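Trainee:
There are 2 protein chains.
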Amino acid sequence: MTDDTSHTEKMKALQEEQRKKTDAASVPDRGLVLVHTGNGKGKSSSAFGVIARALGWGQKVGVVQFIKGKWITGERQFFSKFPDQLDWHTMGEGFTWDTQDKARDIAAAEAAFARAKDMMASGKYDLVVLDEINIAMRYDYLTVDAVLDGLKARSGQTSVILTGRDAKPALCDYADLVSEMVEIKHPFKAGLKAKRGVDF
Amino acid sequence: MTDDTSHTEKMKALQEEQRKKTDAASVPDRGLVLVHTGNGKGKSSSAFGVIARALGWGQKVGVVQFIKGKWITGERQFFSKFPDQLDWHTMGEGFTWDTQDKARDIAAAEAAFARAKDMMASGKYDLVVLDEINIAMRYDYLTVDAVLDGLKARSGQTSVILTGRDAKPALCDYADLVSEMVEIKHPFKAGLKAKRGVDF
């Protein structure tokens, strides 16, 4: 009897422990905010990998690119094959980061973020990717407060990934996940050129 | 005359400098070896992002997954839509990392790597992704020497991405690029469960 009681108690304790774990892992299913930052490679490409994942589950995805708008990239060509599941928006034509017209660049960044905000608030998207938006904040084309306001106003089911180096501390504080990509070795430094299909 | 000579000389120096830069950026176009390691998120998903890129350029891609073989993942569902461009191979059914039969697991890892080696040497692929292979090396299911031999025997035009935490130093020495994904904040630690479309 004592053995049985002891066993039962042990099992109960185990069950309790298990229940706590399960509870901890069952916090309401809401959209996450993920930041990919750091000086290494993989910030945007891992966001594109997550897009592939989301599309694989039949989810709806929105992308706003705050830079690289004029590049022909492999990801752009590839993902344009899925217009039903994916809305892809790049910043206005005139925006190159090479322009000397800061007011115009700020207007372009703000217009792109207005689009992003609509996407995030609409409830239509499982995932919204704001590619290189950290760069727009870094150069004061967007304020971190404006971006935080947009994130806070998003639909509860929408996850958002924000990429780009030099992510603002206030954004990292707000995010559920911050991943830093650290450059250990880089082929460009070894004299290799950017490679089609790998780097863009 | 003196001014003209001086200008010409300056232009020549500038041209020379430019030529050197261009040369440095034009090292023979060969396949790169990239390692994604670290304890943070984004190692596999950035490889999947690069796959999307490569597919966008009409390139041919091979994937060998050394783990997660039994999961239903978004990436697997998504990329299975492109059988003409993408060959996807997961390790033998019996392989779960939970088995206690180490000899069987080693045999499964070796069989998967044999497949990877064929892919890399065939010259048919622009990109080969060896997903979570670093874990196989970490647990001595594969030796780093065997993996290096396979990489060295690859077709010159084939880029290879090797993912997984705890990448072996000898592999990092050989690689053209090593990116470390560092976990700054992680949602699981905050009690959130893995999210379909984001985490798998």
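Protein chains in written order, with our numbering: chain H, 1 to 200; chain D, 1001 to 1200.
Note that CB positions come from ideal geometry on N, CA and C, so glycine has one too.
These numbers were taken from a predicted model, which means no experiment stands behind them.
What residues are listed by DSSP as bridge partners for residue 87 of chain H?
Mentor: Taking the first sequence and counting its residues from 1, the one referred to as residue 87 of chain H is at position 87. Per DSSP, H:62.
Trainee: Could you have a look at residue 196 of chain H and say whether DSSP puts it in helix, strand or coil?
Mentor: By one-based count along the first sequence, residue 196 of chain H stands at place 196. Residue 196 of chain H: coil per DSSP, three-state reduction.
Trainee: Identify each residue in the segment 1035–1048 of chain D for which the Cβ-Cβ distance to at least one residue of chain H is less than 9 angstroms, and report them in chain order.
Mentor: Here the close residues are 1035, 1036, 1037, 1038, 1040, 1041, 1042, 1043, 1044, 1045, 1046, 1047, 1048.
Trainee: Taking 8 angstroms as the CB-CB limit, is residue 18 of chain H close to chain D?
Mentor: In the first sequence, residue 18 of chain H corresponds to position 18, counting from 1. Since pLDDT at residue 18 of chain H reaches only 48, below the 50 mark, its modelled position is unreliable, and the value read off the structure follows with that caveat. Cβ-Cβ to chain D under 8 angstroms: no for residue 18 of chain H.
Trainee: Determine the direct distance from the alpha carbon of residue 47 of chain H to that of residue 1064 of chain D, and round the result to whole angstroms.
Mentor: In the second sequence, the residue the question calls residue 1064 of chain D occupies position 64. In the first sequence, the residue the question calls residue 47 of chain H occupies position 47. Roughly 21 angstroms separates the two Cα atoms.
Trainee: Helix, strand or coil: how does DSSP classify residue 105 of chain H here?
Mentor: Walking along the first sequence from the start, residue 105 of chain H turns up at place 105. Correct three-state label for residue 105 of chain H: helix.
Trainee: Between residue 1102 of chain D and chain H, is there a C-beta pair that is closer than 8 angstroms?
Mentor: Here residue 1102 of chain D corresponds to residue number 102 of the second sequence, with the count starting at 1. With 8 angstroms as the cut-off, residue 1102 of chain D does not count as an interface residue toward chain H.
Trainee: Cβ-heavy atom distance between residue 1185 of chain D and the ligand NAD below 7 angstroms?
Mentor: In the structure shown, the ligand NAD is absent, as is every other ligand, since no ligand is present at all.
Trainee: Identify every residue that forms a DSSP beta bridge with residue 33 of chain H.
Mentor: If you number the first sequence from 1, residue 33 of chain H lands on position 33. Residue 33 of chain H pairs with H:160.
Trainee: From the beta carbon of residue 1052 of chain D, is the nearest beta carbon of chain H less than 8 angstroms away?
Mentor: Within the second sequence, residue 1052 of chain D is the residue found at index 52, counting from 1. Yes, because at least one Cβ of chain H sits closer than 8 angstroms to the Cβ of residue 1052 of chain D.
Trainee: Under 8 angstroms, CB to CB, which of the residues in the segment 169–185 of chain H have a partner in chain B?
Mentor: Checking the listed chains, one finds no chain B in this structure; the protein chains it contains are H and D.
Trainee: Among H:139, H:82, H:87, which one has its Cα closest to the Cα of residue 110 of chain H?
Mentor: By 1-based counting over the first sequence, the position of residue 110 of chain H is 110. For residue 110 of chain H, the nearest C-alpha among the options comes from H:139.
Trainee: Opposite residue 185 of chain H in the DSSP bridges: which residues?
Mentor: Stepping through the first sequence from its first residue, residue 185 of chain H is reached at position 185. In DSSP, residue 185 of chain H forms a bridge with D:1178.
Trainee: Checking contacts by CB at 8 angstroms: is residue 1132 of chain D closer than that to chain H?
Mentor: In the second sequence, residue 1132 of chain D corresponds to position 132, counting from 1. No, because no Cβ of chain H sits closer than 8 angstroms to the Cβ of residue 1132 of chain D.
Trainee: Quick one: residues in its chain with C-beta nearer than 8 angstroms to the C-beta of residue 132 of chain H, no 5 flanking neighbours on either side, listed in chain order?
Mentor: Counted from its first residue, the first sequence places residue 132 of chain H at position 132. Around residue 132 of chain H: 44, 65, 66, 67, 68, 163, 164.
Trainee: Measuring CB to CB, does residue 38 of chain H end up less than 8 angstroms from residue 182 of chain H?
Mentor: As a working note, residue 38 of chain H is residue 38 in the first sequence. As a working note, residue 182 of chain H is residue 182 in the first sequence. Yes, they are a contact pair.
Trainee: Strictly by DSSP, which residues pair up with residue 130 of chain H?
Mentor: By 1-based counting over the first sequence, the position of residue 130 of chain H is 130. Looking at the DSSP assignment, residue 130 of chain H forms a beta bridge with H:64, H:162.
Trainee: In this structure, does DSSP put residue 1140 of chain D in helix, strand or coil?
Mentor: Reading the second sequence from its first residue, position 140 is the one you call residue 1140 of chain D. Three-state DSSP puts residue 1140 of chain D in coil, outside helix and strand.
Trainee: Can you tell me which of the three DSSP states residue 1122 of chain D falls into?
Mentor: Here residue 1122 of chain D refers to the residue found at position 122 when the second sequence is read from its first residue. Reduced to three states, the DSSP call for residue 1122 of chain D is helix.
Trainee: Determine the closest residue to residue 30 of chain H out of D:1195, D:1199, D:1200, with distance taken between C-alpha atoms.
Mentor: The count along the first sequence starts at 1 and reaches residue 30 of chain H at position 30. Of D:1195, D:1199, D:1200, the residue nearest in Cα terms is D:1195.
Trainee: Quick check on DSSP: helix, strand or coil for residue 1003 of chain D?
Mentor: Looking up residue 1003 of chain D in the second sequence gives position 3. Since pLDDT at residue 1003 of chain D reaches only 48, below the 50 mark, its modelled position is unreliable, and the value read off the structure follows with that caveat. In the structure shown, residue 1003 of chain D sits in a helix (DSSP, three-state: H, G or I).
Trainee: Does residue 56 of chain H pass the burial test, meaning 16 or more other C-beta atoms within 10 Å, or should it be called exposed?
Mentor: Working through the first sequence from its first residue, we reach residue 56 of chain H at position 56. Its Cβ being crowded by 16 or more others within 10 Å, residue 56 of chain H is buried.
Trainee: Could you give the first and the last residue of the continuous alpha helix (DSSP H) run that contains residue 153 of chain H?
Mentor: As a working mapping, residue 153 of chain H is identified with position 153 in the first sequence. From DSSP, residue 153 of chain H is part of no alpha helix (DSSP H); its letter is neither H nor E.
Trainee: Using a Cβ-Cβ cut-off of 7 angstroms (strictly less than) and excluding sequence neighbours within five positions of residue 200 of chain H, which residues of its own chain qualify?
Mentor: Taking the first residue of the first sequence as position 1, residue 200 of chain H is located at position 200. Cβ within range, chain order: 71, 73, 74, 194.
Trainee: My assumption, with CB atoms under 8 angstroms, is that residue 124 of chain H sits in contact with residue 60 of chain H. Please give the rounded CB distance.
Mentor: Looking up residue 124 of chain H in the first sequence gives position 124. Looking up residue 60 of chain H in the first sequence gives position 60. Indeed, because the Cβ distance is near 6 angstroms, the residues count as touching under 8 angstroms.
Trainee: What whole-angstrom Cβ distance do residue 142 of chain H and residue 174 of chain H have, given they're in contact under 8 angstroms?
Mentor: Numbered from 1 along the first sequence, position 142 holds the residue referred to as residue 142 of chain H. Numbered from 1 along the first sequence, position 174 holds the residue referred to as residue 174 of chain H. Actually they do not touch by this definition, with Cβ atoms about 15 angstroms apart.
Trainee: Measure from the C-beta of residue 162 of chain H to each C-beta in chain D and report whether the shortest distance is under 8 angstroms.
Mentor: In the first sequence, the residue the question calls residue 162 of chain H occupies position 162. No, residue 162 of chain H does not count as interfacial toward chain D.
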